[in-house]
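Visitor:
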Amino acid sequence: MAKETISNSTQSESESTGELDIKYAPRGSICAVRNLYQTRLGEDGETSWTRYLPETLIKPVENDESAQYVLIVRNVKCYDGRKSLSIHSVIVQSEPLKTFLGKVLHGYPGVTTSLERLEFHTPFRPLVHRWENFIKVRDEEELDSTTKEHVELFYKFFEEELRGTLARKKDLIQNAVITSPLLWTLFEPDDIVISNSDFPRGYLFSKASIKSQTNDWVLTCKYIDFDGKKFGYSEQEVLVDDFIGTKPITSLPIYPLKYHSKRDTVRKTLISQGKCWEEHKGYHYMQYEGLALGLSEYGQAKQFHVKSRIIIDAEAFGVFDSDGSIHVFGKDIAEELTDEQRMITSDMVYGYSLIDKEWLQFYLRSVSEIEWDSHAFESLVLPREQQDLKDLLLAVARAQSQQLDNFDDVVRGKGRGIILQLRGPPGVGKTLTAESVAEVMKVPLYAMSAGDLGTHADAVEHNLKNILRMVPKWGAVLLLDEADVFMETRSSTDLERNELVSIFLRMLEYYEGILFLTTNRAEQIDPAFESRIHLSLNYKELDSTSRRHIWRQFLGRSPNTTAFSDEELDQLAVPQLNGRQVKNTIKTASLLAWSQQKELGFQHIQVVL
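For the sequence shown, UniProt numbering begins at 1 and goes up steadily by one.
Now the structure itself:
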């Protein structure tokens, strides 16, 4: 049987009959192009290919002959019953016309009029949005005869093609309504749009797209955000459900500002909001009450109701919150915003809720200045023999916060913090001491307990490392309440506890802020901590004089309270209550008085006691 090597595309029919024992060249070794041609699709949607040209092949018509014309209009069959053909697209080939259209469509996203093939596709959104500008430029520009002729051709063609759309758009806008199919005609890219809500905010409109299965609209908008270092753009999608008939423009979830009846007033409001937002970039310590946005433990968006002091810090949000990366794009935004940019800023700031211990996004409208308690430190009740330590305590804290202590350890970065230990039984003022120092210094108090850090060594080290990095950045006072679990004397039997103590000791070496440690069992503290503590205060059980002072303070702060006599205060000071118990007693008695629609009096407290 004969053998041959196949190296070209012309083979006899005997190839497919198996009459020849064909030897093919190695795969990919022939330096030539093999063209294959599509056949019809199969029932499964897959296509097959052949090397033979289709018999019904049509000769291309976009060639040198068609390149002579100013416009090429491509048409497709139409099945709507009113016409047999509809326009698919238009190609502009005239250079003078392209130059003219460059002025008309200047800045319109996605359109580059200098392209060799400038194409417009139905429904010709750029031309619908800029049609009035087209007429204005045509009437005002001095055009040479060729350009004028080409522009007039373009105008006559599209005036007829767009006449129906433009007329319907005009009629709808005059009646302040819109239909779903023509929704896109309202929204021109880079228009300022506003949200339809109780607290309107501005956006820069980007694009409108439609979901093919539902005919719902997806409107993509941009707004200015801050990632902790720079301003940039973020995107947000707004869904507009398909609807039948007409709908008022101002009832849409978002709509162009120019359709608002009080657009000038809204503009001023947006600029004012933007200035306020701009002023809150960077670090700020504020009060917050209202809804905030965060993530659940499953990574889903979740609303939190927050009533807490908060720290606004976008940079820390991106660093310390594992789910908190802030993505912005765009490089053309200066450090100081223009009024136009202020109109489209975010209405939220990124930060940390000190009570909720959560990284959240806060609505700027719910942020307010902190009302400081100027008498916090004065009302602090310390043991009589340690009253003079108040001044020392505050002086040490203030000096540390202002970085007046430049003394460093032999190893750079070690030993630069101030650690204060508060020893004593519960309810005698240890926690209040740290709170009062932070209040007088007007800095955040970051309070945590052993439970916040975890029980396993890896979790404790990770959480403590983040906190000890984060708190000095804010100039905050750190309070570790009931720190006994991390400070107890190490033993040869409890290795896990030993590891926790060792981690805590190591971390303290490099802490650069102010740390208060409260302990209930001072006698069980590991000796290694003694050399790391700069100042210790020992709290004893409250005597009657201290208890009387605490009763008077709490009652003085309670609203709707009658005056208490000296004799009544003396009686209240007899039961051996600590400060926390006094506070809880007054709270319960106040509820009793409220239920009786009376002012809080001695008789209500007697009932509770």
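We put the CB at the ideal spot given by N, CA and C, even for glycine.
Quick one: what does DSSP say Gly429 is sitting in, helix, strand or coil?
Guide: It is coil, neither helix nor strand.
Visitor: To which residues of the same chain is Ala589 closer than 8 angstroms at the C-beta, ignoring the five residues directly before and after it?
Guide: For Ala589, where only same-chain residues beyond five positions count, the Cβ hits under 8 angstroms are Leu600, His604, Ile605, Val607 and Val608.
Visitor: CB-CB under 8 angstroms to Asn466, same chain, minus the five flanking residues each way: which ones, in chain order?
Guide: The answer, listed in chain order, is Phe320.
Visitor: For Glu435, count neighbouring C-beta atoms within 10 Å of its own C-beta (all shown protein chains included) and say buried if the count is 16 or more, exposed if not.
Guide: Under this definition Glu435 is a buried residue.
Visitor: Nearest CA to the CA of Tyr446: which residue from Tyr223, Ile310, Phe134 and Phe329?
Guide: For the residues Tyr223, Ile310, Phe134 and Phe329, the minimum Cα distance to Tyr446 belongs to Ile310.
Visitor: With Phe226 and Phe205 assumed to form a contact (beta carbons below 8 angstroms), what rounded beta-carbon distance in angstroms separates them?
Guide: That pair is no contact at about 21 angstroms.
Visitor: So which of Pro200, Asn215, Tyr288 and Ala292 has the shortest CA-CA distance to Lys262?
Guide: Looking at the Cα atoms, Pro200 is the closest of the given residues.
Visitor: Quick check on Ser353: buried or exposed, where buried means 16 or more other Cβ atoms within 10 Å of its Cβ?
Guide: It is buried - the Cβ of Ser353 has at least 16 other Cβ atoms within 10 Å.
Visitor: Going by other Cβ atoms of all chains shown within 10 Å of its Cβ, with 16 needed for buried, is Leu291 buried or exposed?
Guide: Answer is exposed; the Cβ neighbour count stays below 16.
Visitor: Should Ile312 and Gly274 be called a contact, given that it needs their Cβ atoms to be closer than 8 angstroms?
Guide: No. Outside cutoff.
Visitor: From Thr338 to Phe154, what distance separates their C-alpha atoms?
Guide: Distance between the alpha carbons of Thr338 and Phe154: 38 angstroms.
Visitor: Taking the C-alpha atoms as reference points, what is the distance between Gln213 and Leu239?
Guide: The straight-line gap from Cα to Cα measures roughly 14 angstroms.
Visitor: Hey, quick one: how far does the alpha helix (DSSP H) through Lys302 stretch, first residue to last?
Guide: Lys302 -> not in any alpha helix (DSSP H); beta strand (DSSP E) instead, spanning Ala301 to Ile312.
Visitor: Using the beta-carbon count (16 or more within 10 Å), is Pro54 buried or exposed?
Guide: Flag for Pro54 reads exposed.
Visitor: Pull up the CB-CB distance for Thr122 and His88, whole angstroms please, since I reckon it's below 8 angstroms.
Guide: Yes, they are in contact, since the Cβ atoms of Thr122 and His88 sit about 6 angstroms apart, within 8 angstroms.
Visitor: Name the two residues that bound the continuous beta strand (DSSP E) containing Thr246.
Guide: Thr246 to Pro248 is the span of the beta strand (DSSP E), which, as asked, contains Thr246.
Visitor: Starting from the C-beta of Thr561, find all residues in its chain whose C-beta is less than 7 angstroms away, skip the five residues before and the five after it, and write them out in chain order.
Guide: Once the five neighbours on either side are set aside, the close Cβ partners of Thr561 are Leu555, Glu599 and Leu600.
Visitor: Taking 7 angstroms as the limit between beta carbons, can you name the residues of its chain near Trp551, skipping five residues before and five after?
Guide: Only Leu569, Leu572, Ala573 and Val582 meet the Cβ criterion.
Visitor: Between which two residues does the alpha helix (DSSP H) carrying Ser325 extend?
Guide: Run containing Ser325: none; DSSP gives neither H nor E here.
Visitor: Judging by CA-CA distance, which residue of Ser536, Lys587, Pro575 and Lys222 is the nearest neighbour of Pro559?
Guide: For Pro559, the nearest C-alpha among the options comes from Lys587.
Visitor: Give me, in chain order, the residues of the same chain whose beta-carbon lies closer than 8 angstroms to that of Leu162; leave out the 5 immediate sequence neighbours on both sides.
Guide: So the qualifying residues of the chain are Phe124, Leu127, Val128 and Trp131.
Visitor: Which residues mark the beginning and the end of the beta strand (DSSP E) in which Gln576 is found?
Guide: That residue, Gln576, is in no beta strand (DSSP E); it is neither H nor E in DSSP.
Visitor: Count the other CB atoms, across all protein chains shown, that sit within 10 Å of the CB of Ala593; report buried if there are 16 or more and exposed otherwise.
Guide: Per the 10 Å Cβ criterion, buried.
Visitor: With 16 other CB atoms within 10 Å as the buried threshold, where does Arg547 fall?
Guide: When all chains shown are included, Arg547 counts as buried.
Visitor: For my contact list, Val193 and Tyr255 are in at a C-beta cut-off of 8 angstroms; report their separation, rounded to the angstrom.
Guide: That belief holds up - the Cβ atoms of Val193 and Tyr255 are roughly 6 angstroms apart, short of 8 angstroms.
Visitor: Which residues bound the beta strand (DSSP E) around Tyr24?
Guide: Element bounds for Tyr24: Asp21 to Tyr24.
Visitor: Using only the alpha-carbon positions, how far apart do Met286 and Ile370 sit?
Guide: Going by the C-alpha atoms only, they are around 6 angstroms apart.
Visitor: Within 10 angstroms of the Cβ of Leu591, are there 16 or more other Cβ atoms? Answer buried if so, exposed if not.
Guide: By the neighbour-count rule (16 or more Cβ atoms within 10 Å), Leu591 is not buried but exposed.
Visitor: Quick one, are the C-beta atoms of Leu508 and Ile419 less than 8 angstroms apart?
Guide: Taking 8 angstroms as the Cβ cut-off, Leu508 and Ile419 qualify as a contacting pair.
Visitor: Tell whether a beta-carbon distance below 8 angstroms holds between Leu479 and Phe516.
Guide: In this structure, Phe516 lies closer than 8 angstroms to Leu479 by Cβ.
Visitor: With a Cβ-Cβ cutoff of 8 angstroms, do Val381 and His549 count as a contact?
Guide: Contact: yes.
Visitor: Find the nearest neighbour of Leu182 within the set Thr246, Ala334 and Ser48, judged by alpha-carbon distance.
Guide: Selected option, being the one with the closest Cα: Thr246.
Visitor: Return the CA-CA distance between Asp405 and Ala395, expressed in angstroms with no decimal places.
Guide: Legend: pLDDT at Asp405 = 48, less than 50; position of this residue unreliable, value from coordinates given subsequently. Distance between the alpha carbons of Asp405 and Ala395 is about 11 angstroms.
Visitor: Kindly indicate which three-state DSSP category Val410 falls into: helix, strand or coil?
Guide: Because the pLDDT of Val410 is 40, which lies under 50, any placement of that residue in the model is unreliable, and the number read from its coordinates should be weighed accordingly. Reduced to three states, the DSSP call for Val410 is coil.
Visitor: Per DSSP, Met448 is paired with what?
Guide: Met448 pairs with Leu480.
Visitor: Just checking, does the segment 60 to 70 make contact with the segment 36 to 46 on the three C-beta pairs under 8 angstroms criterion?
Guide: No: the two stretches stay apart, fewer than three of their Cβ pairs being nearer than 8 angstroms.
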